[in-house]
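Those sequence lines, one after another, are chains A, B and C.
Residue numbers for the first sequence follow numbering that gives the first Met the number 0, so the first one is 0 and each next one is one higher.
Residue numbers for the second sequence follow numbering that gives the first Met the number 0, so the first one is 0 and each next one is one higher.
Residue numbers for the third sequence follow numbering that gives the first Met the number 0, so the first one is 0 and each next one is one higher.
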Amino acid sequence: MNTSFELGKGVGIVGWGVYIPIWRVRAVEIARMWGFSEELTKSLWIEEKAVAGEDEDTVTMGWYAAKIAIERSGIDPNHIGAVFVGTESKPYAVKPSATIIADALMDSNMKSASDIEFACRAGGEGIRNSIALVASGMAKYALVIGSDTAQANPGDVLELTASSGAAAYVIGPAQESVAVFEGSTVYVTDTPDFWRRDGSPYPQHGEIFTGEPAYFHHIVSAAKLLFKELGLKPSDFDYAVFHQPNGKFPLQVGRMLGFPKEKILPGIVTPWIGNTYNGSALIGLAKVLEEAEPGSRILVVTFGSGAGSDAFSIIVKEGIEERVKRGPKVIDFLKRKKYVSYGEYAKNRRIITRIE
Amino acid sequence: MRYSIPIFWRNKYSYYRLELTKCKKCGKVSFFRRSICPYCRSRDVEVITSKGIGKVVTYTISYFRGSTNLESYPRIIALIELNEGVKVIGELSDVKLEDIKEGMEVEAVLRKYSSDDPYGLIYYGIKFIPRVKK
Amino acid sequence: MRNVYIVSASMIKVDRYFNKSYKELVLDALTKILDEGSVEHIDYTVVSTLLSDSILHQLDLSTVLTQYLGLNPIPSFRVETGESSGLAAIELGFSLIASGKADSVLVVGVEKLTEYPTNIINENYSRILDYEIETIRNISPPDYAALIMKEYMKRYKIKREELTIWPIKMHDNALRNPHAQLRFRVDVDKVLNSITIAEPIKLLDTFPIGDGSAIILLGSERVLRRSNSECMKVTYITSSTSQPIYLRDDILEFTALRKAFKTLYEGSRLDLEETLLEIHDSYSIYAYLILEELGIAPRGKAPNIVDELGNVNLSGGLKARGHPFGATGIYQVAEAYSILSDKGLGELKYNGRYGLIHSMSGPDYNSRLCLIEKVM
């Protein structure tokens, strides 16, 4: 069965934006708080993580990323026919974040809008849906946001990396795009590596089980399917961007697929901002778009627990530099930082129990 | 349910976007979406959206506790002059107390004003952060 | 317009009365007037109270109070104009008599701020600002006082320590006021080391939270002739409103006060140096601006003249006597009346003919002025 869209020159990225909160907490401080040896942070390659301020959440971060994406694209936001927010930290379990962001940024009411849940790959699913909507003509443009204030049980190793951030993409016709989708595959199974029950503030996960049967298996499977569909191999790609729960995993999975680390490093952001869940691969992709030369081919593979991966092959077009300049870049957000203590981070992220 | 639904919802564009009212009769611009000019009482007004860039005229670090969202203290309240020449009153965010300076450039962003925790509405609205450099 | 007189005044100490309800506070304040026997002749009661709807969970408080005090079938009103409700109530009472609709009006101020912890009182107090544009967006009254204080210090190049003179003077004055809530001295260090409310506003720049009740009995000429207590004429009562802070060209201007004072001054040609003044010092910075707006000191110079003031806020002002919101305006009038009277108020006595009372809400969102005059 043909599992990729042979879109050829049809659909691409018209604009993109990211948002990373200004606050950082150092990984060693979290490690010290809970009695982890500090070498753990090195073995995971995590130095510090971005944390949402007390007045920020998935909606506010997604709004900023989307605003930049729209400005960068230069389109009239009222021509956006769909808004998807991929998140696993919705402020409301029922009430879409997508409509709040949409009403803040556009006036048109005739649009699809929904929040998508598939752990960290919901944003990727949103991109696949958007490609289909644009290719079919059902929407002229679609706005996809991946945004999370990632949760982790305090004291769990996951807390070293779970962070906050957002990325947004305006998907549209290839003629208006500065990067086009050459193809896309998806690989989905029922794999309970990491989950969060309704009402639970923090997830549970299978620790080593989240590795081989989950992260590695799905990313490798989706990527290999894409290579087969498009008749490509790793050497055909200039960049490989992966979902990055820490700094080490993307290097590992890239190596497994046959990519040298030089092609993977440009898309790695987690060591300095943590794992932004739905922002993870998408912020990595934004960073690569902001430095790639026209003609470059980029592999992007998401991963979401539960589990699944999307793989995209993206070709960068002429004219991208001009569009990069239209808004703040990932590296601008990486530089924009102020440190907080563990206590301030815990208070802002409301992991200190209070009663009203 | 302590927070009203319609009180916020009917003004959402003013909260979500930095709306100003321009009077076609006297020419003055005032903060917030209005149906009548607060200066000359003319009903011939139009609503415009600010680009959201301005400068801090003066500010205070406020410890005045009036909300149940205790994480939000202290608040930084600032009188801001927008590039459009209008003054607005609003909250600053993304700043450490020692970094705030009169005259600093700020941009309007969507943040949480407050929330009727644990089960009620979240009120989102415009606050100001130091201008993000490109 | 007929003449209107203050026939009697009464007040209780501003304090924390956990064991008394608003009804009992009013009854305590009413005692002196009841004993004088003037209550038989009341045509209306006007009640001023600010937070009763939310904090006391009581609507139509004036009727409920009337029922409790056994004053029915006398009709009543409740008046609310933010922090200046007391003077607004007096303005209504005045109008009822001046127009001929009534001969005798009991104006009652009452406030209970100790029914809830401070943060709930603060939350409600912030609703004197525009809920949709200010309160809901986390702006509160002390924030405005702070912005104004900063601008004042910057414009007139005044050091923070120089602005502590107002609370020092107020606490000093309050030692002679038996009804004041705070009766202890403060100094520069005490003020500057007190808790920051909204920098640079300190706790000792602003009023304490307390309960209180004060009552004024207003009467027509006919009532004056029958009365055996000292009566004073309410010569003028006027009020005005202004724009919110962010719409003002200059945040150091109190245009509502200016407008109200202009009206009053043109009608009375008052010499403020010989007038007993009670001004609305909800924040010390407002006191300086009010003094300058009234022309008592040139712009930027009010802190320099405070120490020598012998005719302003002898009660200790909102700062030390207290600010039981809805009752405050009535306290101010009752104090001015008592201090000007032959009897005086405890140790406080002022030999003058006129008393000018100023009350305002927020940063001069509305200002009200009342001029009283000894009947010679």
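Think of the CB as a built atom: it goes at the ideal place given N, C-alpha and C, for glycine as much as any other residue.
Since we're looking at a predicted model, the values are computed, not measured.
9 Å Cβ cutoff met for residue i and residue j
i: residue 123/A; j: residue 85/A; result: yes
i: residue 207/C; j: residue 321/C; result: yes
i: residue 333/A; j: residue 271/A; result: yes
i: residue 79/A; j: residue 41/A; result: no
i: residue 45/A; j: residue 159/A; result: yes
i: residue 364/C; j: residue 223/C; result: no
i: residue 240/A; j: residue 329/A; result: no
i: residue 302/C; j: residue 191/C; result: no
i: residue 314/C; j: residue 83/C; result: no
i: residue 422/A; j: residue 53/A; result: With chain A covering 0 to 355 only, the question about residue 422/A has no answer from this structure.
i: residue 186/C; j: residue 157/C; result: no
i: residue 19/B; j: residue 66/B; result: no
i: residue 207/A; j: residue 302/A; result: no
i: residue 297/A; j: residue 313/A; result: yes
i: residue 355/A; j: residue 116/B; result: yes
i: residue 77/A; j: residue 107/A; result: yes
i: residue 171/B; j: residue 128/B; result: Nothing can be reported for residue 171/B: it is not among the residues displayed for chain B, which extend from 0 to 133.
Per DSSP, the bridge partner or partners of residue i
i: residue 77/C; result: 46/C
i: residue 235/C; result: 370/C
i: residue 347/C; result: 344/C
i: residue 194/A; result: 203/A
i: residue 57/B; result: 78/B
i: residue 18/A; result: 165/A
i: residue 205/C; result: 282/C
i: residue 4/B; result: In DSSP, residue 4/B forms no bridge with anything.
i: residue 47/A; result: 25/A
i: residue 111/B; result: 123/B
i: residue 33/B; result: In DSSP, residue 33/B forms no bridge with anything.
i: residue 318/A; result: Paired residue(s): none; residue 318/A is not in a bridge.
i: residue 216/C; result: 7/C, 105/C
i: residue 337/A; result: 22/A
i: residue 353/C; result: 274/C, 372/C
Nearest-angstrom beta carbon gap, residue j and residue i [assumed within contact, 8 Å]
i: residue 196/A; j: residue 87/A; result: The pair is not a contact, with the Cβ atoms about 12 Å apart (cut-off 8 Å).
i: residue 101/C; j: residue 42/C; result: 4 Å
i: residue 25/A; j: residue 49/A; result: Actually they are not in contact, since the Cβ atoms of residue 25/A and residue 49/A sit about 12 Å apart, beyond 8 Å.
i: residue 114/A; j: residue 129/A; result: That pair is no contact at about 14 Å.
i: residue 126/A; j: residue 168/A; result: 6 Å
i: residue 244/A; j: residue 263/A; result: That belief does not hold up - the Cβ atoms of residue 244/A and residue 263/A are roughly 14 Å apart, past 8 Å.
i: residue 33/A; j: residue 154/A; result: 4 Å
Evaluate the contact criterion for the stretch 144-151 of chain A versus the stretch 270-282 of chain A: three or more CB pairs, one atom per stretch, below 8 Å.
A contact exists between the stretch 144-151 of chain A and the stretch 270-282 of chain A.
Contact residues within the stretch 16-33 of chain B, judged by C-beta distance below 9 Å to chain A
Answer set for the stretch 16-33 of chain B: 16.
Chain B contacts made by the stretch 335-355 of chain A, where a contact means CB separation under 8 Å:
Result list: 335, 337, 346, 347, 349, 353, 355.
Using a Cβ-Cβ cut-off of less than 7 Å, list which residues of the stretch 50-68 of chain A approach chain B; keep chain order.
So the close ones are 52, 53, 54, 55, 56, 58, 59, 62, 63.
Do the stretch 112-132 of chain B and the stretch 129-141 of chain C meet, that is, are 3 or more Cβ pairs less than 8 Å apart?
Contact holds: three or more Cβ-Cβ distances are below 8 Å.
Using a Cβ-Cβ cut-off of less than 7 Å, list which residues of the stretch 168-200 of chain C approach chain B; keep chain order.
From the stretch 168-200 of chain C, only 195, 196, 197, 198 have a Cβ closer than 7 Å to chain B.
Counting Cβ pairs, one atom from each stretch, are 3 or more of them under 8 Å apart for the stretch 232-240 of chain C and the stretch 52-63 of chain C?
Three or more Cβ pairs closer than 8 Å define a contact, and the stretch 232-240 of chain C falls short of that threshold against the stretch 52-63 of chain C.
Looking at C-beta atoms only, is the number of pairs between the stretch 325-339 of chain C and the stretch 347-360 of chain C that lie closer than 8 Å three or more?
Proximity of the stretch 325-339 of chain C to the stretch 347-360 of chain C meets the contact definition, three or more beta-carbon pairs being nearer than 8 Å.
Three CB pairs or more closer than 8 Å across the stretch 60-69 of chain B and the stretch 32-47 of chain B:
No, the stretch 60-69 of chain B is not in contact with the stretch 32-47 of chain B.
Report yes or no: do the stretch 96-113 of chain A and the stretch 190-207 of chain A share at least 3 C-beta pairs separated by less than 8 Å?
By the C-beta criterion, the stretch 96-113 of chain A is judged not to be in contact with the stretch 190-207 of chain A, since fewer than 3 inter-stretch pairs fall below 8 Å.
Taking beta-carbon pairs under 7 Å, can you tell me which members of the stretch 55-76 of chain B lie near chain C?
Of all residues in the stretch 55-76 of chain B, 57, 59, 60, 61, 62, 63, 64, 65, 66, 74, 76 have a Cβ within less than 7 Å of some Cβ in chain C.
Determine which residues of the stretch 58-77 of chain C have a Cβ less than 7 Å from any Cβ of chain B, and write them out in chain order.
Listed by position along the chain: nothing, the set is empty.
Near-chain B residues of the stretch 267-286 of chain C (beta-carbon distance less than 8 Å), N- to C-terminal order:
Answer set for the stretch 267-286 of chain C: empty.
Can at least three beta-carbon pairs, one atom from the stretch 197-215 of chain C and one from the stretch 272-288 of chain C, be found at a separation below 8 Å?
As far as the Cβ criterion goes, the stretch 197-215 of chain C touches the stretch 272-288 of chain C, which means the pair count is three or higher.
Three or more beta-carbon pairs under 8 Å between the stretch 288-299 of chain C and the stretch 252-272 of chain C, yes or no?
With the cut-off at 8 Å, the stretch 288-299 of chain C and the stretch 252-272 of chain C touch.
Taking a cut of 7 Å between CB atoms, which residues from the stretch 145-178 of chain A lie near chain B?
Shown here is that no member of the stretch 145-178 of chain A has a Cβ falling below 7 Å from a Cβ of chain B.
Selection of the stretch 320-333 of chain A by Cβ proximity to chain B, strictly under 9 Å:
Those residues of the stretch 320-333 of chain A that come within reach of chain B (Cβ to Cβ, closer than 9 Å) are 324, 325, 326, 327, 328, 331, 332.
The stretch 93-107 of chain A: positions lying closer than 7 Å to chain B by Cβ
Residues of the stretch 93-107 of chain A whose Cβ lies closer than 7 Å to any Cβ of chain B, in chain order: 99, 102, 103.
May I ask you to verify whether the stretch 334-341 of chain A touches the stretch 71-91 of chain B, counting CB pairs closer than 8 Å and requiring at least 3?
Here the stretch 334-341 of chain A makes no contact with the stretch 71-91 of chain B; the two share fewer than three CB pairs at distances below 8 Å.
Say whether the stretch 14-34 of chain C touches the stretch 292-300 of chain C, bearing in mind that this needs 3 or more beta-carbon pairs closer than 8 Å, one atom from each stretch.
Contact check between the stretch 14-34 of chain C and the stretch 292-300 of chain C: fewer than three CB pairs, one atom from each, fall below 8 Å, which does not count as touching.
Short-range partners of chain B found in the stretch 340-351 of chain C, where Cβ spacing is below 8 Å:
Here the close residues number zero.
Within the chosen definition, does the stretch 13-20 of chain A reach the stretch 66-77 of chain A through at least 3 CB pairs nearer than 8 Å?
Judged by Cβ distances under 8 Å, the stretch 13-20 of chain A makes contact with the stretch 66-77 of chain A, as three or more pairs qualify.
Decide yes or no for the touch test of the stretch 218-237 of chain A against the stretch 284-299 of chain A: beta carbon pairs closer than 8 Å, at least 3 of them.
Yes: the two stretches touch, three or more of their Cβ pairs being nearer than 8 Å.
For the stretch 80-98 of chain B, enumerate the residues whose C-beta is nearer than 8 Å to any C-beta of chain C, in chain order.
Listed in chain order, the positions of the stretch 80-98 of chain B with a beta carbon within less than 8 Å of a beta carbon of chain C are 86, 87, 88, 89, 90.
Residues in the stretch 12-28 of chain A having any Cβ partner in chain B nearer than 7 Å
Listed by position, the residues of the stretch 12-28 of chain A near chain B (Cβ gap below 7 Å) are 21.
Members of the stretch 261-295 of chain A that neighbour chain B once the beta carbon cut-off is set at 8 Å
Within the stretch 261-295 of chain A, no residue has a Cβ that lies closer than 8 Å to any Cβ of chain B.
With 8 Å as the C-beta to C-beta threshold (strictly closer), list the residues of the stretch 35-49 of chain B near chain C in chain order.
Flagged, chain order: 37, 38.
Going along the chain, which residues of the stretch 99-119 of chain B sit with their C-beta nearer than 9 Å to a C-beta in chain C?
Listed by position, the residues of the stretch 99-119 of chain B near chain C (Cβ gap below 9 Å) are 101, 112, 113.
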